[in-house]
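Q: Those letters in the sequence shown? Residues 1 to 239, by full-length UniProt numbering. Positions of the beta carbon are idealized from the N, C-alpha and C atoms, including for glycine.
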Amino acid sequence: MCSIKQNLLQVTDQINVAARKCGRDEQTITLMAVSKTKPASDIEQAVEAGHRCFGENYVQEGVEKVQYFNTKELTLDWHFIGPIQSNKSRLIAEHFGWVHTIDRLKIAKRLSDQRPDTMPPLQVLIQVNTSGEASKAGVSLEEVEALAEQIDSLSGLILRGLMCIPQPESDYQRQMEAFAPLSALFNKMRSSRDSFDTLSMGMSGDLDAAIASGSTMVRIGTAIFGARDYSNKNSDTKN
1 MCSIKQNLLQ VTDQINVAAR KCGRDEQTIT LMAVSKTKPA SDIEQAVEAG HRCFGENYVQ
61 EGVEKVQYFN TKELTLDWHF IGPIQSNKSR LIAEHFGWVH TIDRLKIAKR LSDQRPDTMP
121 PLQVLIQVNT SGEASKAGVS LEEVEALAEQ IDSLSGLILR GLMCIPQPES DYQRQMEAFA
181 PLSALFNKMR SSRDSFDTLS MGMSGDLDAA IASGSTMVRI GTAIFGARDY SNKNSDTKN
């Protein structure tokens with residue numbers, strides 16, 4: 001059985017190979033280790049291996065991990081990547097450094113208002129529903145720029161880019177086609193925005209295509225930490 005350290009090395013190697021294939025500098029791609037449902041001891045192993053960037057989907061679980069590692073005086077980069085309930089926005093605003101799932105002005109305003117003055121502005125991404133699935137969160141491509149302008153007016157937030165979770169697809173060319181619209185929009189918007197530098201797309205099954213499409217942050221969980229146990233988890237819902 002591979003250790004978490006070995007898994008991190010293997011995923012990093014895959015990222016580096018994918019970057020070189022398309023002529024990109026691998027240093028421009030951040031690996032987020034998605035640690036949802038995993039115990040703090042697993043994250044400790046990743047930290048011992050030198051990793052610092054982690055993603056959490058569940059608010060209470062994520063907050064507990066952030067608080068635990070704060071007691072150890074470790075500087076880790078915590079990203080919230082799950083759906084946001086209005087009644088849990090304060091916890092996110094007070095504990096996380098990044099949020100990838102902004103798709104409503106209401107939530108953006110709450111996060112901005114609830115961000116403590118003693119903390120730097122919350123770094124946020126707009127989640128885009130690139131596949132048009134009714135069951136999936138995110139704004140349409142056509143709605144992104146209007147929401148971005150609204151977020152720009154919120155002092156507690158800094159808009160850093162875009163995020164998507166496309167419909168699962170095993171064919172490489174179709175993966176590329178799915179990423180293309182968001183990549184094009186990101187490149188268009190970043191030309192006029194100084195802080196706009198993050199395109200969060202790509203998971204284990206479509207990592208190579210995401211990197212070839214310009215992703216600057218890939219979200220990898222199972223390949224690092226192993227299979228997840230969801231038996232005690234309930235998905236957050238919007239309200």
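How would you label S86, buried or exposed, when you count the other beta carbons within 10 angstroms and need 16 or more for buried?
A: exposed
Q: I'd like to know if the stretch 157 to 168 and the stretch 119 to 136 are in contact, where contact means that at least 3 CB-CB pairs between them fall below 8 angstroms.
A: yes
Q: Check whether the Cβ atoms of F179 and S204 sit closer than 7 angstroms, and answer yes or no.
A: When the beta-carbon positions are compared, F179 and S204 stay at least 7 angstroms from each other.
Q: From the DSSP output, read off the bridge partner residues of S200.
A: Per DSSP, the beta-bridge partners of S200 are M163, M217.
Q: Go to E56, then tell me how far its beta strand (DSSP E) extends in each direction, as first and last residue.
A: In the DSSP assignment, E56 falls within the unbroken beta strand (DSSP E) covering 53 to 56.
Q: Could you pull the start and end residues of the beta strand (DSSP E) that L154 belongs to?
A: Unbroken run through L154: none, as it is neither H nor E.
Q: Which of helix, strand or coil does DSSP assign to L31?
A: L31 sits in a strand when the DSSP states are folded into three classes.
Q: Label P116 either buried or exposed according to how many other C-beta atoms from any shown protein chain fall within 10 Å of its C-beta, with 16 as the threshold for buried.
A: exposed
Q: From the DSSP output, in three-state form, read off F186 for me.
A: Here DSSP, grouped into helix, strand and coil, assigns F186 to helix.
Q: Check the C-beta distance from L185 over to G161 and give it rounded, since I have them as a contact under 8 angstroms.
A: Between G161 and L185 the Cβ distance is about 10 angstroms, and since that is not below 8 angstroms, they are no contact.
Q: Rounded to whole angstroms, what's the CA-CA distance from L182 to E56? Just pull it up for me.
A: 23 angstroms
Q: According to DSSP, which residues form a beta bridge with Q127?
A: According to DSSP, Q127 bridges with M163.
Q: Can you tell me whether I84 is helix, strand or coil according to DSSP?
A: I84: coil per DSSP, three-state reduction.
Q: Name the residue from E143, H79, S89 whose alpha carbon lies nearest to the alpha carbon of S200.
A: The alpha carbon of S200 has as its nearest neighbour, out of E143, H79, S89, the alpha carbon of H79.
Q: Report all residues from its chain with a CB closer than 7 angstroms to the CB of N234; omit the five preceding and five following residues, and keep chain order.
A: In this predicted model, N234 has a pLDDT of only 49, less than 50, meaning its place in the structure is not dependable; the value taken from the coordinates is given anyway. Same-chain partners within the cutoff: there are none.
Q: What is the DSSP secondary structure of L8, reduced to helix, strand or coil?
A: helix
Q: Report all residues from its chain with a CB closer than 8 angstroms to the CB of I216; omit the five preceding and five following residues, and keep chain order.
A: Contrary to the premise, residue 216 reads as Thr rather than Ile in this sequence. If we look at T216 and ignore the five residues flanking it on each side, its Cβ neighbours are T28, I29, T30, G161, D197, T198, L199, S200.
Q: Quick check on T37: buried or exposed, where buried means 16 or more other Cβ atoms within 10 Å of its Cβ?
A: It counts as buried.
Q: Going straight from the alpha carbon of A210 to that of Q127, what length do you get?
A: 16 angstroms
Q: Taking DSSP's pairing of strands, which residues face F43 in a bridge?
A: In the sequence as presented, Phe is not what sits at residue 43; that position holds Ile. According to DSSP, I43 bridges with nothing at all.
Q: Could you tell me the alpha carbon to alpha carbon distance between A49 and T71, rounded to whole angstroms?
A: The alpha-carbon separation between A49 and T71 amounts to approximately 19 angstroms.
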